[in-house]
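Each residue of the sequence shown is one higher than the last, beginning at 11 in the numbering used here.
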Amino acid sequence: MTIYRYSEWDGSQEIPPLDPDQVLENLTDDLMNFGDLQHALRNLLQRGMRNPMGQRLQGLRDLLQQLRQQRRQMLDRYNLSSVFDDIKNRLNEIVQMERETIDRRLQEALQGERGQQPGEPQAGSPQQGGQDDGLSALDKALQEALETAQRAMEEAERSGLGQQDRGGSPQDRQSGRQRGGTQGEQSPGGAQQGKPGGTGDQANEFNRMLRQIAERKKQFLDNLPSDLAGAVRELQNYEFMDPEARAKFQELMEMLKKAMMDTFFKDLYNQIQGMTPEQLERIKQMVRDLNRMLQEKMAGGEPDFDQFMQQYGDLFGNNPPQSLDDLIRQMQAQIAQMQNLLDSMPADMRQQLQDLLADKIGDPELQQALNELAANLEYMFPMRDLRNQYPFRGDEELDLAEAMRLMERMQGIDELERQLERTQYGGDIEEIDEKKLAEILGEEAAETLRQLRQFLQILEDAGYIRRRGNTWELTPRGTRKIGQKALGEIYAQLKKDSFGKHAVRERGTGGERADETKRYEFGDPFHLDIERTLFNSYYREGGPSIPARLQPEDFEVYRTEQLTQTATVMMLDLSWSMALRGSFQAAKKVALALNNLIRSQFTRDSLYIIGFSAYARELKPEQLPYVRWDESVLGTNMHHALILAQSLLAKHKVGTRQIIMISDGEPTAHLEKGRSYFAYPPSPITIRETLKEVKRCTQKGIIINTFMLDRNYYLKEFVNQVAKINKGRVFYTTPDKLGQYILVDYVTSKRKRIGGGI
11 MTIYRYSEWD GSQEIPPLDP DQVLENLTDD LMNFGDLQHA LRNLLQRGMR NPMGQRLQGL
71 RDLLQQLRQQ RRQMLDRYNL SSVFDDIKNR LNEIVQMERE TIDRRLQEAL QGERGQQPGE
131 PQAGSPQQGG QDDGLSALDK ALQEALETAQ RAMEEAERSG LGQQDRGGSP QDRQSGRQRG
191 GTQGEQSPGG AQQGKPGGTG DQANEFNRML RQIAERKKQF LDNLPSDLAG AVRELQNYEF
251 MDPEARAKFQ ELMEMLKKAM MDTFFKDLYN QIQGMTPEQL ERIKQMVRDL NRMLQEKMAG
311 GEPDFDQFMQ QYGDLFGNNP PQSLDDLIRQ MQAQIAQMQN LLDSMPADMR QQLQDLLADK
371 IGDPELQQAL NELAANLEYM FPMRDLRNQY PFRGDEELDL AEAMRLMERM QGIDELERQL
431 ERTQYGGDIE EIDEKKLAEI LGEEAAETLR QLRQFLQILE DAGYIRRRGN TWELTPRGTR
491 KIGQKALGEI YAQLKKDSFG KHAVRERGTG GERADETKRY EFGDPFHLDI ERTLFNSYYR
551 EGGPSIPARL QPEDFEVYRT EQLTQTATVM MLDLSWSMAL RGSFQAAKKV ALALNNLIRS
611 QFTRDSLYII GFSAYARELK PEQLPYVRWD ESVLGTNMHH ALILAQSLLA KHKVGTRQII
671 MISDGEPTAH LEKGRSYFAY PPSPITIRET LKEVKRCTQK GIIINTFMLD RNYYLKEFVN
731 QVAKINKGRV FYTTPDKLGQ YILVDYVTSK RKRIGGGI
């Protein structure tokens, strides 16, 4: 037993593939309006469409709006000034941690000078442990103080702090050296000064030295520059007393160094860490060789990038550049990220952060080579398009690493925005970075892009379009599909003929079978209705009989439509007024529908298409979707169009011959000695010459049926004269309601409203 379960759509069900007929239908309006398939396809990709499930498939314009919305959300979310504040707070924390350690060491030194061991309780408090334990604690404190003092003295000598850091007069320093010089001598007790077993005087001397060093370090911290960059620069040569503060400062410096290295080569910093001097020299040589390649390229040469990658390819990670241009683009993007970060900060913070990051690579030669690289890149390819100043206005705080990732994301949004905008002006949809789109907007947006890319392939596979060179064109099948809705109503009163396929009101022979039936008459096609024939027999006999006794009058057959053959000239107004009044798209829809109807259902008919404005010219049916109004000339030359139509219909001697004219105005030009004469309002000569051709058509038995897309007084007067002379019909409509029009039949003087989709 088959069980069917129905559930609400939750997005997980399989979406049926796009229907090529729907895709073609969605681009038809633009094609009718502009006569440009490329433009129509471009607009369809921009606005999207609805899929067979009734869900709307987003277009490129929707993706562009989502990108811009995400940019606005980020600008409203983050506070870029917090990057500077984060570095400042971290530095303040490091300095405070160092100050607390210095204060603790000062307290220990003062206690030692008063003869109180570090950590010893004040007088009167309970004592714990014996004399040995106290000596051991003092020895450890002195040993730690001596090592700290030695490091501080060495650091002072290296940094050139001089009298400020070491303090005291030359005599004091000399006395200190003399005292220090005795530290290595043996004491009477056999123990070296500063080692366990030293005397109380020596312990006091060490405490005094520890206090002096701590006081000078504290003074050094008090005298740090007020600007962040200057403070960090001074602390780079400072010997921290607190190991944790030292580690945190080193972590801060590594963060700044990584930010600078990532400015040029992403992830290269991770490879530099822990490198031997030989490996670091290889990095510097790589940058120098890259500079030489850029200089060679600037001189018009062709650098050997393959050889460069063979030598240094391992330094570029798992996704190495494929060409020198690719590498240049990567470096430009990374440099622009840092520059955008600086440009987006307040001016005072921008300069301080820039100073803070300067010379943080840690190797003067490498720093110089990178500076030269940045100058070469800017000279070759100025980064104006990549530079951007983002007005962040949010509250969420960021550190430097998070800010750099944010700049990378903002740069990705900018690049995707440029790619999407280029598609609005003829850019290739294949140039949009699908991977980057998925990273920023999610997989759903990437799936939308993949479906939009399928539009052209779907239409091509269905045989509706084909590529010609770098452009696309409609196939005959596509042209027929666009004009699928027929205008069969215009044939309602075609005159009777013996051949062809147009239905007329009289029943006849030789056509398609109708649903109605009739009693058989001699000469009728024998399309027997068995059921009705047997019923007639039973009715005549008064009831069923077996076998049925049939008489000639019992036979009932299906009626058939009588058909006629027609030669048609379709006259399409191409004057600029059609576009000015918004009628051109509607006129093309009518023309395409008629073309489709005649060529698909009435294949024995002949169809000619004439476009007319200042002059008339014959158009091939396959040109119809691409027809545009004539922008550079003035005039509605029906006179010339009727002359050309008569010459085309003269080839047909039998059947119905008719002209279908689509226009929005009265004639404003006529042909005289081969030249077009324009006048507005229409001159009497133009009206007279045009009506002469109407009379000639009438004398030749040519019917003129007119679609009018306007209702002004002069137009109605002219059309009424045409109808009275020719006995044809007029269809009044408006551009937005072409499917509904009023049939004016001057023959029967009767109005009939026809509703339908033209």
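In this text, a Cβ means the ideal position worked out from N, Cα and C, and glycines have one as well.
Fair warning: this is a prediction, and the values are worked out from it, not measured in the lab.
First and last residue of the alpha helix (DSSP H) that includes residue i?
{"i": "Tyr88", "result": "Note, Tyr88: premise wrong, no alpha helix (DSSP H); not H, not E."}
{"i": "Thr433", "result": "Leu410 to Thr433"}
{"i": "Glu457", "result": "Glu453 to Asp471"}
{"i": "Gly240", "result": "Leu238 to Leu245"}
{"i": "Tyr724", "result": "Tyr723 to Asn736"}
{"i": "Pro694", "result": "Pro694 to Gln709"}
{"i": "Asn350", "result": "Leu334 to Asp353"}
{"i": "Ala651", "result": "Met648 to Leu659"}
{"i": "Asp316", "result": "Phe315 to Tyr322"}
According to the neighbour-count rule (16 or more other Cβ atoms, all chains shown, within 10 Å of its Cβ), is residue i buried or exposed?
{"i": "Gly284", "result": "Unreliable placement is indicated for Gly284, whose pLDDT of 49 sits below 50; the coordinate value is still reported in the next sentence. By the 10 Å Cβ count, Gly284 comes out exposed."}
{"i": "Glu526", "result": "exposed"}
{"i": "Pro677", "result": "buried"}
{"i": "Glu699", "result": "buried"}
{"i": "Ile695", "result": "exposed"}
{"i": "Asp314", "result": "exposed"}
{"i": "Pro30", "result": "buried"}
{"i": "Thr33", "result": "According to the sequence displayed, residue 33 carries Val and not Thr. Result: buried."}
{"i": "Leu337", "result": "buried"}
{"i": "Val740", "result": "buried"}
{"i": "Lys268", "result": "buried"}
{"i": "Val664", "result": "exposed"}
{"i": "Thr666", "result": "buried"}
{"i": "Pro253", "result": "exposed"}
{"i": "Phe536", "result": "exposed"}
{"i": "Asn480", "result": "exposed"}
{"i": "Arg115", "result": "buried"}
Please name the residue or residues paired with residue i in a DSSP beta bridge.
{"i": "Thr666", "result": "Thr576"}
{"i": "Trp482", "result": "Arg477"}
{"i": "Asp583", "result": "Phe622"}
{"i": "Ser616", "result": "Ala577"}
{"i": "Arg60", "result": "Arg66"}
{"i": "His680", "result": "Tyr687"}
{"i": "Met671", "result": "Met581 and Thr716"}
{"i": "Tyr389", "result": "DSSP output for Tyr389 lists no bridge partner at all."}
{"i": "Val567", "result": "Lys528 and Leu538"}
{"i": "Glu406", "result": "Tyr88"}
{"i": "Arg627", "result": "Gly621"}
Kindly indicate the opening and closing residues of the beta strand (DSSP E) around residue i.
{"i": "His537", "result": "Here His537 belongs to no beta strand (DSSP E), and DSSP marks it neither H nor E."}
Could you tell me whether the Cβ of residue i comes closer than 9 Å to any Cβ of chain B?
{"i": "Ala603", "result": "This model lacks chain B altogether; it includes just one protein chain."}
**Message:** Under 8 Å, with one C-beta from each stretch per pair, do the region 553-566 and the region 592-600 reach the 3-pair mark?
**Reply:** no
**Asked** Is it a yes or a no for the region 413-432 touching the region 97-108, going by three-plus beta-carbon pairs under 8 Å?
**Response** no
**Validate contact between the region 57-77 and the region 217-229 using beta carbons, cut 8 Å, 3 pairs** = Contact fails: fewer than three Cβ-Cβ distances are below 8 Å.
**Message:** Under 8 Å, with one C-beta from each stretch per pair, do the region 629-643 and the region 536-548 reach the 3-pair mark?
**Reply:** no
**Asked** Quick one: any contact between the region 292-302 and the region 441-452, if contact means 3 or more CB pairs under 8 Å?
**Response** no
**Asked** Does the pairing of the region 607-622 with the region 572-588 give three or more beta-carbon distances under 8 Å?
**Response** As far as the Cβ criterion goes, the region 607-622 touches the region 572-588, which means the pair count is three or higher.
**Asked** Should the region 423-437 be regarded as contacting the region 372-391, the criterion being three or more beta carbon pairs within less than 8 Å?
**Response** no
**Asked** Is the region 643-651 touching the region 713-725, taking contact as three or more C-beta pairs under 8 Å?
**Response** With a cut-off of 8 Å, the region 713-725 and the region 643-651 do not count as touching, because too few Cβ pairs lie within range.
**Message:** Under 8 Å: do the region 48-62 and the region 459-467 share three or more Cβ pairs, one atom per stretch?
**Reply:** yes
**Request:** For the region 87-96 and the region 403-418, state whether three or more C-beta atom pairs, one from each stretch, are separated by less than 8 Å.
**Result:** yes
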